[in-house]
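Below is one structure; the comments refer to it alone.
Residue numbers (full-length UniProt numbering): 1 to 66.
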């Protein structure tokens, strides 16, 4: 199925979770925040949040500095 990630269309497997998407995008070790269809999804819900065709995902990387 196709979803939109940060404005780009992406082909993913059916019934993929946010955790699966994070793994597919190789972002597992990054500090990120995820918005799904204009709603922030807490990290505690990533494993149970299943994506659907045409979902819109925005992923923001937290960058530290000083």
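All residues carry an ideal CB built from backbone N, CA and C; glycine is no exception.
Grab the span of the alpha helix (DSSP H) containing residue i for me, first residue to last.
i	result
residue 36	It is not in any alpha helix (DSSP H) - residue 36 instead sits in the beta strand (DSSP E) that spans 32-36.
Does residue i come out as helix, strand or coil in the three-state DSSP assignment?
i	result
residue 22	helix
Shortest alpha-carbon distance to residue i belongs to which of the options?
i	options	result
residue 47	53, 62 and 28	28
residue 2	20, 37, 52 and 64	52
residue 39	24, 31 and 56	56
Between which two residues does the beta strand (DSSP E) holding residue i run?
i	result
residue 61	56-61
residue 9	8-11
residue 50	Counting along the chain, residue 50 falls outside any beta strand (DSSP E), and DSSP gives it neither H nor E.
residue 40	39-41
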